[in-house]
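Chemist:
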Amino acid sequence: METNAFFNGPWTAYAAFAVVFVINFYFIYRGVTRGIEKLNKIALPIMFLIGLVLLGRVVTLGSPYPDKPDQNFINGLGFLWNPDFNALKDASVWLAAAGQMFFTLSVGMGSIMAYASYLRARDDVALSSLTANSTNEFFEVILAGSIVIPATFIFFGAMGAQEVAQGGSFNLGFVTMPLIFNQMQGGAFVGFLWFFLLFMAGITSSVSLIQPMITFLEDELKWTRQQSVVAIGVVSFLVTNFIIFTLARGSMDELDFWAGTLFPVLNAFLAIVLFAWFFGLKKGFREIDLGADLRVPRFFKFVFLVITPLSLLAILVTWIIQQGLPVLTLENASPENRITIWITRLILLTVMGILISFIILARKRGRFIKKEELR
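If you count the sequence shown from 1, you need to add 16 to reach the numbering used here.
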């Protein structure tokens, strides 16, 4: 990261990272009710209003190029929502879709279970889940998708939008969108709203990703809140600094694939198998129905027992057959990036090893509920 005519060095960006890092752990330290809940009560309405303003600006873009009248908002929506069924033959599409679904809903990484542990016995789990999932997907898929993809289509066309999308969400949000803002009237203000929206979305998401480990250390290992926050903060700071200073070497993409795409799908598969086959659907539905105004239809028992596990297993197996070996062996990685990528993998394995050792320690201390003790 060198200083040149277009980039004044990394330290301004690093200072911003440090501020955001401190904000994250400030809200984490304050706890679920006084910290995370208050943050979300403020941030979510602001995000919704900003999203509506940005959507309104994209809708009114019209067709900025007179010689390309087809590049407009309506056709951009068509590009977004008209499916290409040939893509369903590619296992990576299924894996990316499943990974995005589980990542955005925090299903495959423990956040939902961490927050659920704070519920009272008669809280309406079914209605709360439906509300949270529907609201989240409206924000991320419908609202954000209707802003980003049509705007990209309007300025770059169908082929350009496809190329941009293949560059990943980071490239789309932080590289392509600024180029678009630079070409539209009032782009500076719109760009400010966009990045403030990303900031709020990032803060509200990251605190939820940190909370599961804090909850585990407090509940299972009986650490204090301060000890838990300091320990996780130090590890997070070290790992994040490595990612920042090796960003150009592919560390972020590697971490995003394993932690943000593959592992959430694998974890969700293990979770649904444990819930449906070991915990027991009868006990599970009894807990779901307790205090519920909304009863989950009983055909979901078959979904939990058969359809979901088999679907996830099929996605994982097909991906392994089609692309597993090239990904594992870094067949498509550039030679100069391979050392960094292997170090990133080693860091992931080290963190996983520490987490597993903590789980074993908690089990030895008798912190886990035995199956026969469950209601």
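Backbone N, C-alpha and C define an ideal beta-carbon position, used for all residues, glycine too. Given the structure is predicted, the values throughout are model-derived calculations rather than measurements.
Starting from the C-beta of GLN227, find all residues in its chain whose C-beta is less than 6 Å away, skip the five residues before and the five after it, and write them out in chain order.
Modeler: The residue labelled residue 227 in the question sits at position 211 within the sequence shown. Taken in chain order, the residues that qualify are ALA130.
Chemist: For SER145, report the span of its alpha helix (DSSP H) as first-last.
Modeler: As a working note, residue 145 is residue 129 in the sequence shown. Taken as a continuous stretch (DSSP letters only), the alpha helix (DSSP H) holding SER145 covers 141-153.
Chemist: Anyone know if the C-beta pair for SER185 and TRP335 falls short of 8 Å?
Modeler: By one-based count along the sequence shown, residue 185 stands at place 169. By one-based count along the sequence shown, residue 335 stands at place 319. No, Cβ-Cβ distance for SER185 and TRP335 is not below 8 Å.
Chemist: Closest to VAL141 by CA distance: which of ARG311, ILE370, LEU321 is it?
Modeler: One-based indexing of the sequence shown puts residue 141 at position 125. When each option's Cα is compared against that of VAL141, the closest is ARG311.
Chemist: Within the region 225-306, note down every full alpha helix (DSSP H) run reaching 4 residues or more, in order along the chain.
Modeler: Listed in chain order, the complete alpha helix (DSSP H) runs (minimum 4 residues) inside the region 225-306 are 241-261, 267-273, 279-289, 297-305.
Chemist: Would you say PHE119 and GLY266 are within 8 Å of each other, going by their C-beta atoms?
Modeler: Sequence index remark: in the sequence shown, residue 119 carries index 103 (1-based). Sequence index remark: in the sequence shown, residue 266 carries index 250 (1-based). Not a contact, by the Cβ cut-off of 8 Å.
Chemist: Kindly indicate the opening and closing residues of the alpha helix (DSSP H) around ARG46.
Modeler: Along the sequence shown, one-based indexing puts residue 46 at 30. Its alpha helix (DSSP H) spans residues 27-47.
Chemist: Straight-line CA distance for TRP293 to GLY249?
Modeler: Here residue 293 refers to the residue found at position 277 of the sequence shown. Here residue 249 refers to the residue found at position 233 of the sequence shown. Their Cα atoms are separated by approximately 36 Å.
Chemist: For the structure I just gave you, are there three or more beta carbon pairs, one from the region 72-91 and one from the region 216-234, closer than 8 Å?
Modeler: Taking 8 Å as the limit for Cβ pairs, the verdict is that the region 216-234 does not touch the region 72-91.
Chemist: Going by DSSP in three states, GLN338 sits in which element: helix, strand or coil?
Modeler: On the sequence shown, residue 338 is found 322 positions in, with the first residue counted as 1. If DSSP states are grouped into helix, strand and coil, GLN338 belongs with the helices.
Chemist: Just tell me which of PHE155, GLU270, PHE211, ALA137 has its CA closest to the CA of THR345.
Modeler: Your numbering for residue 345 matches position 329 in the sequence shown. Considering only alpha carbons, the answer is GLU270.
Chemist: Please report the residue range of the alpha helix (DSSP H) in which ALA181 lies.
Modeler: Here the question's residue 181 lines up with position 165 in the sequence shown. Element bounds for ALA181: 160-182.
Chemist: Examine the Cβ distances between the region 272-288 and the region 36-43 and report whether three or more of them are shorter than 8 Å.
Modeler: With a cut-off of 8 Å, the region 36-43 and the region 272-288 do not count as touching, because too few Cβ pairs lie within range.
Chemist: Between which two residues does the alpha helix (DSSP H) carrying GLN199 extend?
Modeler: Working through the sequence shown from its first residue, we reach residue 199 at position 183. GLN199 -> alpha helix (DSSP H) spans 193-199.
Chemist: For my contact list, ALA284 and LEU328 are in at a C-beta cut-off of 8 Å; report their separation, rounded to the angstrom.
Modeler: Counted from its first residue, the sequence shown places residue 284 at position 268. Counted from its first residue, the sequence shown places residue 328 at position 312. That belief holds up - the Cβ atoms of ALA284 and LEU328 are roughly 6 Å apart, short of 8 Å.
Chemist: Which residues bound the alpha helix (DSSP H) around PRO61?
Modeler: Along the sequence shown, read from residue 1 onward, the residue named residue 61 stands at position 45. Its alpha helix (DSSP H) spans residues 54-75.
Chemist: Give me the residue from LEU77, SER133, MET229, ASN198 with the minimum Cα distance to ILE163.
Modeler: Here residue 163 corresponds to residue number 147 of the sequence shown, with the count starting at 1. The candidate whose alpha carbon is nearest that of ILE163 is LEU77.
Chemist: Below 6 Å CB to CB, which residues in the same chain sit around ASN56 once its five sequence neighbours on both sides are set aside?
Modeler: Locating residue 56 in the sequence shown gives position 40, where the first residue counts as 1. Excluding residues within five positions, the ones whose Cβ falls inside 6 Å are THR220.
Chemist: Does DSSP classify ARG138 as helix, strand or coil?
Modeler: Position 122 of the sequence shown holds residue 138. Of the three classes helix, strand and coil, the one that applies to ARG138 here is coil, per DSSP.
Chemist: If you draw a straight line from the C-alpha of LEU369 to the C-alpha of ILE375, how long is it?
Modeler: Within the sequence shown, numbered from 1, the residue matching residue 369 stands at position 353. Within the sequence shown, numbered from 1, the residue matching residue 375 stands at position 359. The residue asked about is misnamed: residue 369 is Gly in this sequence, not Leu. So the alpha carbons of these two residues sit roughly 10 Å apart.
Chemist: Is DSSP giving ASN102 helix, strand or coil here?
Modeler: Along the sequence shown, read from residue 1 onward, the residue named residue 102 stands at position 86. Residue state, collapsed to three classes: helix.
Chemist: Along the chain, where does the alpha helix (DSSP H) that runs through MET129 open and close?
Modeler: Here the question's residue 129 lines up with position 113 in the sequence shown. MET129 -> alpha helix (DSSP H) spans 127-132.
Chemist: Distance check for ASP235 and PHE384, CA to CA, integer angstroms please.
Modeler: For this step, residue 384 is matched to residue 368 along the sequence shown. For this step, residue 235 is matched to residue 219 along the sequence shown. Going from the Cα of PHE384 to the Cα of ASP235 covers about 10 Å.
Chemist: When DSSP labels each residue in this structure, what does PHE119 get in the three-state scheme?
Modeler: On the sequence shown, residue 119 is found 103 positions in, with the first residue counted as 1. Of the three classes helix, strand and coil, the one that applies to PHE119 here is helix, per DSSP.
Chemist: When the distance is taken between beta carbons, is ILE260 closer than 8 Å to PHE101?
Modeler: Along the sequence shown, one-based indexing puts residue 101 at 85. Along the sequence shown, one-based indexing puts residue 260 at 244. No, the Cβ-Cβ distance between PHE101 and ILE260 is not below 8 Å.
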